[in-house]
Each structure stands twice: as C-alpha cells, then as structure tokens.
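Here the structure is laid out as structure tokens; the discussion comes afterwards.
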Amino acid sequence: MIMNNALNALAAVPPARILLIKLRHHGDMLLTTPVINALHQAWPQAEIDVLLYEETRDMLAAHPFIHRIYGIDRKWRKLGTRQHLRKEWQLLKTLRDQKYSLVINLADQWRSAIVTRFTGAPSRIGFDFNKRRGWFWQYCHTQLASVSGHQTLHTVEQNLSIVAPLNIAPVRDVTMSYQPDDWQSVQRKLQSNGVEGSYIVVQPTSRWFFKCWDESKMAETITALQKDGHTLVLTSGPDKYEKAMIEKIRALCPSERVYSLAGELTLRQLAALIDHAKLFIGVDSVPMHMAAALKTPCVALFGPSKLVFWSPWDVVGEVIWAGNYGELPDPDKIDTNTKERFLDAIPVDVVVAAARKQLL
Numbered sequence: 001m002i003m004n005n006a007l008n009a010l011a012a013v014p015p016a017r018i019l020l021i022k023l024r025h026h027g028d029m030l031l032t033t034p035v036i037n038a039l040h041q042a043w044p045q046a047e048i049d050v051l052l053y054e055e056t057r058d059m060l061a062a063h064p065f066i067h068r069i070y071g072i073d074r075k076w077r078k079l080g081t082r083q084h085l086r087k088e089w090q091l092l093k094t095l096r097d098q099k100y101s102l103v104i105n106l107a108d109q110w111r112s113a114i115v116t117r118f119t120g121a122p123s124r125i126g127f128d129f130n131k132r133r134g135w136f137w138q139y140c141h142t143q144l145a146s147v148s149g150h151q152t153l154h155t156v157e158q159n160l161s162i163v164a165p166l167n168i169a170p171v172r173d174v175t176m177s178y179q180p181d182d183w184q185s186v187q188r189k190l191q192s193n194g195v196e197g198s199y200i201v202v203q204p205t206s207r208w209f210f211k212c213w214d215e216s217k218m219a220e221t222i223t224a225l226q227k228d229g230h231t232l233v234l235t236s237g238p239d240k241y242e243k244a245m246i247e248k249i250r251a252l253c254p255s256e257r258v259y260s261l262a263g264e265l266t267l268r269q270l271a272a273l274i275d276h277a278k279l280f281i282g283v284d285s286v287p288m289h290m291a292a293a294l295k296t297p298c299v300a301l302f303g304p305s306k307l308v309f310w311s312p313w314d315v316v317g318e319v320i321w322a323g324n325y326g327e328l329p330d331p332d333k334i335d336t337n338t339k340e341r342f343l344d345a346i347p348v349d350v351v352v353a354a355a356r357k358q359l360l
C-alpha cells in the first residue's frame, strides 16, 4: 500500500472538492452511492463530483449529495480521431481546473488512472488491483487501497473498502434518487393506461436474456396474482427484443389489470414507479437493484451471476436463487449470447408463494 502525507493533510483540512470516478454499467453506478454517502457524511461541506459514462448519468443525476456529473460519451469514437481526442482533452482540462483535494478512483481501467493523475489532486486513491501491479498504476495514485477479501465481499462492500485509508465511517445504504416531476410523469402514464390504486411492478427482462425466466412461467405467476385481485404493471428497457418479450408474456395472461409501460420510462421514472409499488418482481437487472435501494418489497429471481457480488443489497423481501433448483454454470464462463434460460429451474409456485408472503 502506497502512503503519502496528503491523507494526513485531509485530516487537518477537510477536502473542499472531491471527484469519484467509476466507468461501468448502470447497476455498478447505483452501487457506488454508499461511497458518495460516506464521503458526504464525513465532509458535508465538500462538493462531490462524479465522472462516469454518459449513458449511466440518470442513475445518479438526482442524488442529493452530488454537486456535478461529468460524462465520457462513448459516441465520441464516431466523431473521428481528431474530434474524439479533442473531446477527451477538453474533459481532462476541465477536471484539472476544478483543483480537487481528493480523487477516488473506483475503476480498474488505465483511462481512469490517467484521469486520476491528470487532475493533479494531492490525494488520489485507487485500488491495488492484482492486474494493475506496476509502476504506472502506482504513479497515478498516491494511495492504493487493499483488495484482499474482495472475492468474498458484495460489490457494495468492495466499493466501500476504498475509503478505509481515509479513516471515515462507511455508510452502507444504497441510494436511488428521482425528482417529484419524475413521479408526476409516471402518474400521468398510469392514469392514461387506466391504472388505479395500488399495483405490482414486474420486470421480466434483462439486457442479457440468459438472466431471464421462461415467459410462460412469468405469465403463470402474473395470472395467479391477477386472480388474487392485484393490478400488475410490466416494465422493460427500450430494446425491441425486451418489448417483444413483454408482449409475449401479456398475450399469455388474461387482459384484466395487466398493463405495460415497457420501454416508456426513463430510469428515474422507473425508480418512481417502483418506489410507489406495493411489490416488485424481477430478474437480475438494474431495476432489481433499484427496488432494493428504494426498500420496495421485492421478489428477485437470481442466477447465474455471482450471488456474493450481485445479489440485491439489503433487500426487503426474498431472493430466489436458481442454483437451489438446478445446476448453474460458472458465471465467468457463460456465453452471453446463449439462448439458454438458466432461471427456468425455478418453479412457479415458489415465486407465487414468495410474492403472496410479501403482500400479506
């Protein structure tokens, strides 16, 4: 672990400006919020900025403790080499001009290390990743936090371990935020679809179809809850294959009190919808993590991702793991284009019983 005197200086003079870097997918961004919350709790006057991939901005855009978000747009590559480099250089200069006191690099890319070093911040913390052992990674950071034990820790706990060198108290809450107008937009959509009163949100899709449950089994589950008198709202991403999956499920259900907002909601609107639901049923996907963060009662169908790393954090409800009903492949060896549905081993009656238990 590399040490420097800058961290001692932070103890004497609280940081005025902090940058957190994470360049990953939507769910990963949501699970960085405990680090943001911990930094705010330790230094409530500090301005906390975040650098992320532009397409994930909505996950953090309404977070109350974030001062500013900077985005790397992966569409820059389509502008040609000169324009792409110009955009990158402009971003680097902008970040350097902020004169950060502290940079937290949660990412493992060389790009994130270069940005970290270029900020010129006196304190720059990254992880001591095994694959990044070498002089350049060390040169880009003033302190490297240990990753020992990460293989047995949830992603939230892995992220939080980066604040250990700062000697600040960890905050274990994941925060999914949205604005009042997000909920107002959702209410208008619900009303226009004829949805009245309480409802259950069902998210059957993931961008990886091997994480999905059989459409007929999901339809059986929806039909059982429908017969119990519940109203169900189905959601999905905007991808045409996800929307087609929703339509296939709907076609297998009676039409009464089953509605679709598939592909119609922004991430923050989806958060508002989930937050006001009496139950969330879904597969391993971003909305599952959102439901857990929002403390909406949840039935999560999980597998074959790494349960230790990616199960819904501090969930109110039940995680039904496919590995308890059938053999699952090594998560690191899955062909993401496979047509196999590894969740299909989960029985319908188990899911229906779990849902009814949460609805009591």
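Going by the UniProt record's numbering, 360 is the number at position 360 of the sequence shown; the sequence numbering is gapless.
Idealized CB from N, CA, C, for every residue including glycine.
Cα-Cα separation between residue i and residue j, rounded to whole angstroms
i, j, result
"D349", "S236", "23 Å"
"A322", "L343", "5 Å"
"L34", "T175", "Reading off the sequence shown, one finds Pro at residue 34, where the question assumed Leu. Going from the Cα of P34 to the Cα of T175 covers about 7 Å."
"L144", "S101", "16 Å"
"Q179", "M290", "15 Å"
"G317", "D335", "30 Å"
"M59", "S177", "8 Å"
"A292", "W313", "6 Å"
"I2", "R111", "In this prediction, I2 has a pLDDT of 45, which is less than 50 and means its spatial position is unreliable; nothing more can be read from the coordinates."
"Q83", "S206", "34 Å"
"Q109", "I125", "14 Å"
"F127", "G263", "37 Å"
"Q191", "P254", "20 Å"
"E220", "Q358", "18 Å"
"T266", "I246", "17 Å"
"F129", "R268", "33 Å"
"V319", "A355", "11 Å"
"T338", "I168", "44 Å"
"S161", "S146", "8 Å"
"V308", "K78", "37 Å"
Top-ranked residue by Cα proximity to residue i, from the options
i, options, result
"W89", "L23, H63, I104, F118", "F118"
"K211", "G120, R17, V286, A42", "V286"
"P170", "L294, E157, K295, A107", "E157"
"K240", "D275, F209, L307", "F209"
"K333", "K306, A353, A355", "K306"
"R17", "R24, V50, M29, N8", "V50"
"Y53", "F65, W76, H63", "W76"
"H67", "L85, Q83, Q45", "Q45"
"V299", "F309, A38, F280", "F280"
"F136", "I114, H150, S123", "I114"
"E256", "K243, V163, T223", "T223"
"D330", "V352, P204, S311, G303", "G303"
"T231", "N193, G134, H141", "N193"
"T142", "S148, P122, K227", "P122"
"A271", "V308, W183, W310, S198", "W183"
"A12", "L166, V186, Y325, I48", "L166"
"R57", "T94, I72, A9", "I72"
"Q226", "Y199, K243, P238", "Y199"
"Y139", "K131, T116, S148", "T116"
Residue i (DSSP reduced to helix, strand or coil)
i, result
"V147", "coil"
"G303", "coil"
"L95", "helix"
"Q179", "coil"
"R17", "strand"
"A129", "At residue 129 the sequence reads Phe, which differs from the Ala that was named. Coil, per DSSP."
"G317", "strand"
"S112", "helix"
"R117", "helix"
"V195", "coil"
"S311", "coil"
"E242", "helix"
Bridge partner(s) assigned by DSSP for residue i
i, result
"R68", "D49"
"L279", "I200"
"R172", "Answer is none; R172 lacks a bridge partner."
"S260", "L234"
"R124", "V103"
"C298", "F280, G317"
Cβ neighbours of residue i in the same chain (closer than 8 Å, five flanking residues each side left out)
i, result
"L31", "T155, V156, N159, V174, H289, W313"
"P204", "C212, W213, E215, M218, L234, S236, M245, I246, I249, G282, V283"
Close Cβ partners of residue i (< 7 Å) along its chain, the five nearest in sequence each way excluded
i, result
"H63", "T33, I36, T175, S177"
"I274", "V201, F280, P287, M290, A291, L294, T296"
"L252", "E215, S216, A219"
Beta-carbon proximity list for residue i, same chain, < 6 Å, skipping 5 on both sides
i, result
"P14", "W43"
"Y70", "L51"
"K217", "V348"
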